[in-house]
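Please read the structure below before turning to the comments.
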């Protein structure tokens with residue numbers, strides 16, 4: 001491609017600034033070619049979307065509706081796009097990550113995009129990226145020609161939208177106004193090289209066809225023209241019914257058996273809305289187009305894909321497409337007829353299904369409508385614009401053809417077939433007077449790089465997870481043990497300090513940038529930047545990373561634990577992001593390198609397992625007692641119909657494991673264990689502790705400050721275990737023995753387990769055989785440091801007693 005000033009300017013604005021751009025130009029000026037170059041060569045992370053299936057494929061992108069999961073009906077400014085009733089918008093984690101890492105969104109064929117749809121894209125990007133910036137801070141490139149096809153808006157839909165928009169075009173949207181785009185018009189025409197043909201197209205485009213041009217154009221009118229086999233003509237027409245007639249003619253030329261596929265219609269689905277014929281007639285060898293996106297997970301076809309029928313069955317059609325190495329088996333798909341209305345109270349659009357249409361999603365495709373041809377180029381085309389009814393139709397049809405010689409008119413072009421829109425004319429006049437220049441480019445590049453520099457040293461995002469964890473901790477002190485408050489306060493002070501320093505540094509950098517220069521090429525700024533990187537990296541490592549790793553906690557409240565871990569993970573990802581910036585930019589500031597680092601950082605924490613966080617019970621020698629007491633608390637809470645912390649708190653639980661009380665007086669010394677709780681639950685608690693000490697040969701009070709209390713008379717372990725065995729042999733269950741002896745079920749389980757070695761009790765007496773065999777197979781494949789970790793691996797499916805039994809058995813082998 002020869003040097004093109006406008007294309008060069010557009011490339012620099014897109015690749016070197018964050019300005020939003022409307023790139024326009026006549027048909028054939030290289031808009032699509034430029035788009036493909038961007039996709040190949042631009043370093044920014046981009047997504048390409050288009051309003052129709054054909055346009056999306058031509059742009060090598062996806063449709064707007066599929067990527068953003070938008071409904072096809074009108075969307076009012078006050079509609080809640082997060083609603084699950086009308087808007088099925090559960091984005092996958094992958095899609096959310098893509099949006100968060102997005103630098104550039106390209107919308108091709110923007111002329112066909114409605115104002116409400118562009119506003120909805122703005123809402124979606126704000127939700128997942130930056131809610132305070134238009135389009136979430138994503139750079140927007142809109143490509144299209146307003147003199148070509150306009151948005152499709154039904155009368156009843158426009159009645160809903162009219163109170164909010166001046167017209168249906170994208171430039172009427174609130175988001176377009178707020179994003180302050182610059183407009184660049186491409187002027188050099190590449191598709192056609194005949195000056196006469198180019199002049200004709202320009203006059204048609206501007207609704208100013210001269211008599212001379214009309215004569216030259218209508219010289220291509222051949223009313224009796226017939227296509228010979230292999231000539232490669234495609235027929236373009238304004239209306240679907242004309243395309244159908246042409247396709248029927250071609251179908252009749254094929255020999256072989258006809259197959260008819262009849263649609264299934266339910267409820268209200270008017271004939272004029274049928275997506276294809278109610279009775280679809282096909283033959284082997286027919287050229288067909290898919291008219292619906294594949295609803296299966298394989299996504300084998302899309303609306304607008306062309307192929308040839310190779311096999312026909314009773315309820316199935318097999319199609320092969322030229323670029324595929326597989327055949328596509330198609331069965332009936334379903335379309336729904338929806339009626340839109342506005343709720344009188346909420347003012348939201350409601351959607352009611354009033355009918356459905358099921359049919360094979362194909363139509364004959366020797367001919368297509370002009371609407372579906374936008375963005376395509378043909379060597380040879382037969383064009384029929386008789387009955388043109390919409391803005392830009394005639395211009396689009398004529399400009400698809402590369403040459404006047406390859407053009408055949410089915411009907412003469414009359415002035416009434418060239419339709420223009422006053423809204424477009426007014427908009428075009430406005431942007432023609434405001435073309436950007438090199439100075440605006442330099443200023444925009446400078447401002448963009450200053451924003452990137454500020455982003456590198458901005459720690460504002462750290463504050464929310466820090467404050468959330470501190471808030472959770474202060475509100476739930478009784479349920480949380482560990483080291484949280486001091487490390488987080490140190491981190492918060494550091495972040496606050498770095499925010500102030502970063503803001504001052506930003507102002508300092510701005511003073512270094514003179515008019516006409518950019519940060520990347522400013523030597524003084526680069527030296528200052530490298531020093532700042534060293535300082536911020538050192539502060540981040542010693543005052544944030546080091547203290548973040550000092551945080552340990554334990555809580556028996558699963559909701560609190562999940563919430564704290566979520567915010568700690570966020571801090572870890574933010575920390576990793578900042579350190580990656582500082583590491584990657586040690587040699588100086590480079591915008592492209594920073595964009596690469598920033599895009600990569602979105603996936604931190606998503607491509608590797610979550611960090612296993614140290615909890616407070618990892619530091620105690622009595623982990624099993626901790627879990628045994630927690631199990632007891634849950635059992636009592638369930639029995640009494642209470643919440644677990646009403647039995648005893650997390651602080652009390654931890655203290656019991658450290659102090660090991662063995663009588664009610666010692667239990668009373670535990671913080672939170674008052675007289676009422678001890679009277680109700682003290683005996684059960686003490687039995688668990690005493691049994692744990694007996695089984696593990698632990699002398700209570702030997703590792704802590706001894707309370708000045710009378711020594712307890714200790715029962716012989718063998719006697720109490722024999723008593724439990726005797727009751728079990730008499731036919732009593734573990735629960736019944738525990739009730740009878742006023743002991744905990746875990747204690748009785750431990751008594752009986754002690755007789756497995758003598759053969760008086762079998763393992764399968766204490767646990768079912770299926771669980772026993774399962775654990776014997778699975779446990780050797782797991783990595784764990786203690787029974788507590790093993791219990792977590794199985795999501796508390798098995799008790800400590802059951803796990804200990806199997807572990808003991810495995811240790812013998």
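In full-length UniProt numbering, the protein residues as written are 1 to 813. Each residue gets a CB set at the ideal place from its N, CA and C atoms; glycine is no exception.
Outcome for residue i when other beta-carbon atoms lying within 10 angstroms are tallied against a minimum of 16
{"i": "residue 347", "result": "With a pLDDT of only 44 at residue 347, under the threshold of 50, the placement of this residue in the model should not be trusted; the figure read from the coordinates follows. Under this definition residue 347 is an exposed residue."}
{"i": "residue 449", "result": "buried"}
{"i": "residue 116", "result": "buried"}
{"i": "residue 439", "result": "exposed"}
{"i": "residue 145", "result": "buried"}
{"i": "residue 451", "result": "exposed"}
{"i": "residue 474", "result": "exposed"}
{"i": "residue 735", "result": "exposed"}
{"i": "residue 800", "result": "buried"}
{"i": "residue 757", "result": "exposed"}
{"i": "residue 676", "result": "exposed"}
{"i": "residue 653", "result": "buried"}
{"i": "residue 586", "result": "exposed"}
{"i": "residue 708", "result": "Caution applies to residue 708, whose pLDDT of 38 falls short of 50 and renders its modelled position unreliable; the model cannot decide the point."}
Minimum C-alpha distance to residue i - residue among the options
{"i": "residue 482", "options": "664, 555, 14", "result": "555"}
{"i": "residue 763", "options": "519, 69, 280, 810", "result": "810"}
{"i": "residue 627", "options": "541, 746, 599, 573", "result": "746"}
{"i": "residue 805", "options": "761, 274, 784, 793", "result": "761"}
{"i": "residue 71", "options": "114, 546, 395", "result": "114"}
{"i": "residue 315", "options": "801, 360, 323, 127", "result": "360"}
{"i": "residue 8", "options": "794, 73, 188", "result": "188"}
{"i": "residue 769", "options": "175, 802, 324", "result": "802"}
{"i": "residue 28", "options": "396, 364, 511", "result": "396"}
{"i": "residue 102", "options": "689, 139, 75", "result": "139"}
{"i": "residue 442", "options": "6, 4, 507, 16", "result": "16"}
{"i": "residue 487", "options": "630, 568, 522", "result": "568"}
{"i": "residue 517", "options": "532, 118, 446", "result": "446"}
{"i": "residue 225", "options": "406, 193, 657, 402", "result": "406"}
{"i": "residue 480", "options": "218, 428, 635, 551", "result": "551"}
{"i": "residue 283", "options": "748, 312, 105", "result": "312"}
{"i": "residue 531", "options": "546, 582, 489", "result": "582"}
{"i": "residue 150", "options": "30, 544, 171", "result": "171"}
{"i": "residue 306", "options": "289, 599, 466", "result": "289"}
DSSP beta-bridge partners of residue i
{"i": "residue 319", "result": "309, 328"}
{"i": "residue 356", "result": "266, 336"}
{"i": "residue 142", "result": "22, 107"}
{"i": "residue 554", "result": "481"}
{"i": "residue 235", "result": "367, 382"}
{"i": "residue 211", "result": "The partner list for residue 211 (beta bridge, DSSP) is empty, contrary to what the question assumes."}
{"i": "residue 401", "result": "378"}
{"i": "residue 496", "result": "DSSP, once it has assigned bridges, lists no residue as partnering residue 496."}
{"i": "residue 290", "result": "362"}
{"i": "residue 49", "result": "62, 107"}
{"i": "residue 261", "result": "280"}
{"i": "residue 409", "result": "221, 383"}
{"i": "residue 114", "result": "169"}
Residues near residue i in its chain [Cβ-Cβ closer than 6 Å; skip 5 each side]
{"i": "residue 703", "result": "Confidence at residue 703 is low in this model, with a pLDDT of 41, below 50, so its placement is unreliable and the value that follows should be read with caution. Closer than 6 Å at the Cβ level, and outside the excluded window around residue 703, lies no residue."}
{"i": "residue 281", "result": "258, 260"}
{"i": "residue 822", "result": "What the structure shows of the chain is the stretch from 1 to 813, and residue 822 is not part of that stretch, so it cannot be assessed."}
{"i": "residue 358", "result": "264, 332, 334"}
{"i": "residue 19", "result": "13, 182, 444"}
{"i": "residue 235", "result": "246, 367, 382"}
{"i": "residue 727", "result": "737"}
{"i": "residue 105", "result": "47, 138, 140"}
{"i": "residue 767", "result": "802"}
Close Cβ partners of residue i (< 7 Å) along its chain, the five nearest in sequence each way excluded
{"i": "residue 564", "result": "469, 472, 553"}
{"i": "residue 539", "result": "494, 498"}
{"i": "residue 816", "result": "As shown, the chain starts at 1 and ends at 813. That puts residue 816 outside it, with no answer to give."}
{"i": "residue 545", "result": "575"}
Same chain only: Cβ atoms within 8 Å of residue i, ignoring 5 sequence neighbours per side
{"i": "residue 478", "result": "645, 649, 650, 651, 672"}
{"i": "residue 755", "result": "721, 725, 761"}
Residue i Cβ short of 7 Å to the ligand NAD heavy atom set
{"i": "residue 514", "result": "The ligand content of the structure shown is nil, which means the ligand NAD is not present either."}
Threshold first: 3 residues or longer. Then list the beta strand (DSSP E) segments lying entirely within the region 507-589, N to C. 552-555
Could I get the ranges of all uninterrupted beta strand (DSSP E) runs contained in the region 120-194, with 3 residues as the minimum, in chain order? 139-143, 182-186
Length at least 4, wholly inside the region 760-802: the alpha helix (DSSP H) runs in chain order: 763-766, 769-778, 787-793
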